[in-house]
Amino acid sequence: MKVMISAFVAALVIASLSPIVLNQFGWSSAEMTSSESVRLD
Amino acid sequence: MNKNLFGAAALVLATLLFNPAWAQEAPTADRTATGGAQTLEDIMRRQEQLKLDESFRSENLGNPANAAPITDQLGTRGGISDADAWRSIRYNKIDPTVQSPGPANGVMIQDEGIAWYKLREGPVITYGGSALLGIIVLLVIFYFVRGRIMIDGGPAGTTIERFKPVERFGHWLLAGSFIALGITGLITLMGRSFLIPVLGPDAFATLAAGSKWLHNNIAWAFMLGLVMTFVMWVAHNIPNKLDWQWLKAGGGIFTKSHPSAKKFNAGQKIVFWTVMVLGVSVSLSGLSLLFPFQMPMFADTFGVINSVLGTSLPTDLAPHQEMQYANIWHSIVAFVMMVAIIAHIYIGSVGMEGAFDAMGNGQVDLEWARQHHDLWVADVEAKQDKGGSS
């Protein structure tokens, strides 16, 4: 059962870290709608 | 068997939905009375959701070769009227320059979205939800008809290691993330219909936002678990003649026999390949949805299918259509997987005595192992004897 719980915790850790890692590669979904990529000029 | 039937039904449903060649052919219409413009019959067919050949509009986009002199009417438009220009926009036949850059911002009208929305809110929820309820009802009936599959003669009292910790970690990483993805996916798909009336819009908005965050991010754990389990177990899941014998005996479920099996029997191999094939498919469509307009894959997929099967699936898709196909496909595949996994959870827990221990603590009763995986036990014991004597 320890392995099962540790795998569940690992899944949550991966979920928590993935936005940070993706952001490092410029894949942030928040950035896609930010003012940097939406210019009205 | 049920898993196969549901899988086939979903494939047929998907093919019917995506294959216009199989749909009802639109009759040719006489539009001389309107000078080629749409008629009342066209409008009525559209309202009645009947098939309508839109080429009289989608191909009527003006002709610059027939442009009037600049001093005449339409001269400044180069032979293209406002109506022609809007039809071009509607059918995505122009490449407009827009101020807001982005991969899909040039699509100004996209009326296929209505069909997608109706499909998502209608058949996908109805048939998908029915499939989930159906498999649960079938398993309850099966439980009362067949009862729990017990260890013949009772447990031996001694155990054998069935799965190593790393194998169980990979399994539970995949399983835990899949359950989270399934629940949050159902909240996203069905919440508008079923949860808002119960929770109210404010509480649902919080739940939906949390579900979206978890769904988008725990997907990486699912994909890692998928890779881990594939690498660890693929060698044990190659089909062989023994599987045919196991299937012919129905796994001994109703005959209460114990057909021979190695580490994984034919039923487990079916679950393995179902999870792997559908898991890759749902991951790819999920990635396409996770990075909107960055990973279109349906036009290319349809092109390959057309070249192999001779079908006429659409290959000229607007960016939004790509997302709509990805969304519908993601839902259908996820439902098929959920049906399969619910059956898997049943047989691995309440359905069979001693089965959960394999993934619980990795140690299974020796008698259970001999009855369900006799050749695997013999192989393990032979290796132990060899190790002990050397």
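Top line first, the protein sequences correspond to chains Z and L. Residue 4 in the working numbering is what sits at position 4 of the first sequence, and the numbering runs on without skipping anything. Residue 263 in the working numbering is what sits at position 263 of the second sequence, and the numbering runs on without skipping anything. Just so you know, even glycine gets a beta-carbon here, dropped at the ideal spot from N, CA and C.
Local conformation of residue i per DSSP, three classes
i                : result
Met1 (chain Z)   : coil
Ala21 (chain L)  : The predicted model places Ala21 (chain L) with a pLDDT of 42, which falls under 50 and marks its position as unreliable; any figure quoted below should be read in that light. If DSSP states are grouped into helix, strand and coil, Ala21 (chain L) belongs with the helices.
Met295 (chain L) : coil
Val280 (chain L) : helix
Pro87 (chain L)  : Going by the sequence as given, residue 87 (chain L) is Arg instead of Pro. In this structure, Arg87 (chain L) counts as helix in the three-state DSSP scheme.
Asp107 (chain L) : It is worth fixing the name first, because residue 107 (chain L) is Val in this sequence and not Asp. In the structure shown, Val107 (chain L) sits in coil (DSSP, three-state: anything other than H, G, I, E or B).
Pro197 (chain L) : helix
Leu181 (chain L) : helix
Gln384 (chain L) : helix
Gln321 (chain L) : helix
His373 (chain L) : coil
Ser35 (chain Z)  : At Ser35 (chain Z) the pLDDT is 46, less than 50, meaning the model places this residue with poor confidence and gives no usable figure here.
Glu48 (chain L)  : coil
Asp95 (chain L)  : coil
Asn216 (chain L) : helix
Lys269 (chain L) : helix
Gly26 (chain Z)  : coil
Lys118 (chain L) : helix
Ser18 (chain Z)  : helix
Thr34 (chain L)  : helix
Ala334 (chain L) : helix
Lys241 (chain L) : helix
Ile187 (chain L) : helix
Ser257 (chain L) : coil
Asn66 (chain L)  : helix
Ser55 (chain L)  : helix
Ala203 (chain L) : helix
Asp316 (chain L) : coil
Ser81 (chain L)  : coil
Test: residue i CB closer than 8 Å to a CB of chain B
i               : result
Ile14 (chain Z) : Among the protein chains in the structure shown, which are Z and L, there is no chain B.
Nonlocal neighbours in the same chain, by C-beta distance under 7 Å from residue i, ignoring five residues either side
i                : result
Leu247 (chain L) : Ala266
Ile136 (chain L) : Ile342
Gly303 (chain L) : Thr315
Ser257 (chain L) : Ala249
Pro292 (chain L) : Met323
Gly106 (chain L) : Asp95, Pro96 and Val98
Tyr91 (chain L)  : Ser58
Trp216 (chain L) : First, the residue type needs correcting, since residue 216 (chain L) is Asn and not Trp in the sequence shown. Closer than 7 Å at Cβ, skipping near neighbours: Leu290.
Residue nearest to residue i in terms of C-alpha spacing, selected from the options
i                : options                                   : result
Gly113 (chain L) : L:Asp202, L:Ala318 and L:Ser288           : L:Ala318
Gly362 (chain L) : L:Ala85, L:Lys164, L:Ala221 and L:Ile80   : L:Lys164
Ile270 (chain L) : L:Thr255, L:Gly134, L:Met108 and L:His236 : L:His236
Gly134 (chain L) : L:Met359, L:Met338 and L:Asp385           : L:Met338
His111 (chain L) : L:Ser58, L:Pro123 and L:Gly122            : Here the sequence assigns Asp to residue 111 (chain L), which means His is not the residue at that position. It is L:Ser58.
His344 (chain L) : L:Thr274, L:Ile89, L:Pro103 and L:Gly153  : L:Thr274
Met352 (chain L) : L:Pro103, L:Leu290 and L:Gly251           : L:Gly251
Val9 (chain Z)   : L:Gly122, L:Leu50, L:Arg90 and L:Ala175   : L:Ala175
Trp329 (chain L) : L:Val380, L:Gly310, L:Ser285 and L:Thr206 : L:Ser285
Per DSSP, cross-strand counterpart(s) of residue i
i                : result
Met352 (chain L) : L:Ile149
Val364 (chain L) : L:Ile160
Chain-order list of residues whose beta-carbon lies under 6 Å from that of residue i (same chain, five-residue window excluded)
i                : result
Val21 (chain Z)  : none
Gly182 (chain L) : Met338
Ile89 (chain L)  : Met108 and Ile109
Val13 (chain Z)  : none
Neighbourhood of residue i by C-beta, 8 Å cutoff - its chain only, sequence neighbours within 5 removed
i                : result
Arg146 (chain L) : Ile253 and Phe254
Glu41 (chain L)  : Ala29
Gly153 (chain L) : Glu367
Leu139 (chain L) : Ile342, Ala343, Tyr346 and Gly351
Exercise. Of all the residues that make up the stretch 150-174 of chain L, which are near chain Z by a beta-carbon distance shorter than 7 Å?
Worked result: Listed by position along the chain: Pro165, Arg168, Phe169, Trp172 and Leu173.
Problem set entry | Contacting positions in the stretch 343-362 of chain L - beta carbon closer than 9 Å to chain Z | Flagged, chain order: Met359, Gly360, Asn361 and Gly362.
For this session: Check distances from the C-beta atoms of the stretch 217-229 of chain L to those of chain Z and list, in chain order, the residues that come in under 9 Å.
Result: Result list: Asn217, Ile218, Ala219, Trp220, Ala221, Phe222, Leu224 and Gly225.
Exercise. Taking a cut of 9 Å between CB atoms, which residues from the stretch 188-216 of chain L lie near chain Z?
Worked result: Answer in chain order: Trp213, Leu214 and Asn216.
For this session: Mind checking the stretch 276-293 of chain L against chain Z and listing, in chain order, the residues whose C-beta falls within less than 9 Å of any C-beta there?
Result: Residues of the stretch 276-293 of chain L with a C-beta atom less than 9 Å from some C-beta of chain Z are Leu290, Phe291 and Pro292, listed in chain order.
Exercise. Taking Cβ-Cβ distances below 8 Å as the criterion, which residues of the stretch 99-110 of chain L are in contact with chain Z?
Worked result: Per Cβ criterion, the list reads Gln99, Ser100, Pro101 and Gly102.
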